[in-house]
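Take the sequence shown: its position 54, counted from the start at 1, is 54 in the UniProt record's numbering, and no numbers get skipped. Cβ coordinates follow ideal geometry from the N, Cα and C atoms, glycine included.
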Amino acid sequence: MRTSFNIPDAVVEEFDQVWQDEGLENRSRAVREAMQEYIESHSRLEDLSEDVIALVAFDYRHHEVIEELHSVQHDYQDVILNTSHTHQGEWCLESLFCQGTGERVRELTYRLRDFDGVNRVKIMVIRDN
1 MRTSFNIPDA VVEEFDQVWQ DEGLENRSRA VREAMQEYIE SHSRLEDLSE
51 DVIALVAFDY RHHEVIEELH SVQHDYQDVI LNTSHTHQGE WCLESLFCQG
101 TGERVRELTY RLRDFDGVNR VKIMVIRDN
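Structure, rendered in structure tokens:
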């Protein structure tokens, strides 16, 4: 299947450099692998039903969303055990150490993704029962 995407030039240039450095044969193969990783990580997130311990990390433009992000974190204080925050210029990096039901951690992750000022949200499930 052929398809097209609107992706910033800088992202495409960096992506091309990475797959070429890894010795992959072409961009299509790299995109297929990236899509498969995305599917696997999100399918696993959807399958979480028991209690989990997880790290949720995200970066964002502080001035655009800080009040809304604090509100979301307060809504999920039943699963957020600890937070860590650092400044990187106009961007902030935050990590949330979570323990609770997979459903609540999944909801938190999806809520964080709702903001335009949030760049990436990554979750690492450390333990699921």
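Asked                                                                         : Found
Coarse secondary structure for L69, derived from DSSP in three states         : helix
Expected contact under 8 Å - CB spacing of R27 and D16 to nearest Å           : 6 Å
Nearest neighbour of H74, chosen from E64, L112, F5, H62 [CA to CA]           : L112
Those residues which DSSP pairs with W91 across a bridge                      : R61, Q88
Buried or exposed (CB count within 10 angstroms, at least 16 for buried), E94 : buried
Bridge partners - F97, DSSP secondary structure assignment                    : L55, N82
Beta-ladder partner(s) of M124, from DSSP                                     : L55
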